[in-house]
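Structure first, commentary second.
Structure representation (structure tokens):
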């Protein structure tokens, strides 16, 4: 169990550990894919199974929703521009997709 600050400070050491499962609380902190935190966790840490916990699951916009979905399932939620072009005008369809998660 580590805090975000510890994960960033000790990333050289912690990223060498093959984490089998990562349960990440306060996941809304990962809604910006350009942030240092998002990039360190996504690119440096080996975490094949990721579960995000948040008290605020509804995001402000589709880009923030994509960031969380992409963090967990990058093979399903690929590029942001593809996600936006698919769901920009079909916001109601998001209910069906996010219902599974």
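Residue numbers (UniProt numbering): 1 to 101.
In this text, a Cβ means the ideal position worked out from N, Cα and C, and glycines have one as well.
Nearest CA to the CA of residue 45: which residue from 89, 12, 82 and 79?
Among 89, 12, 82 and 79, the Cα nearest to that of residue 45 is on 12.
Cα-Cα, which of 4, 17 and 88 is closest to residue 28?
Comparing Cα positions, the closest option is 4.
Residue 68: buried (16+ other C-beta within 10 angstroms of its C-beta) or exposed?
With 16 or more Cβ atoms within 10 Å of its Cβ, residue 68 is classed as buried.
Write down every uninterrupted run of the alpha helix (DSSP H) in the region 44 to 92 whose length is 4 residues or greater and which is fully enclosed by it, in chain order.
Complete alpha helix (DSSP H) runs here, min 4: 62 to 72 and 80 to 87.
Given this structure, state the Cα-to-Cα distance separating residue 82 from residue 40, to the nearest angstrom.
Cα to Cα, the separation comes out at about 23 Å.
Could you tell me the alpha carbon to alpha carbon distance between residue 10 and residue 78, rounded to whole angstroms?
Roughly 29 Å separates the two Cα atoms.
Which first and last residues belong to the alpha helix (DSSP H) in which residue 27 is found?
Counting along the chain, residue 27 falls outside any alpha helix (DSSP H), and DSSP gives it neither H nor E.
Excluding five sequence neighbours on each side, which residues of the same chain lie with their C-beta closer than 6 Å to the C-beta of residue 64?
Counting only Cβ-Cβ distances below 6 Å, and skipping sequence neighbours, we find 31.
For my contact list, residue 25 and residue 62 are in at a C-beta cut-off of 8 Å; report their separation, rounded to the angstrom.
That pair is no contact at about 23 Å.
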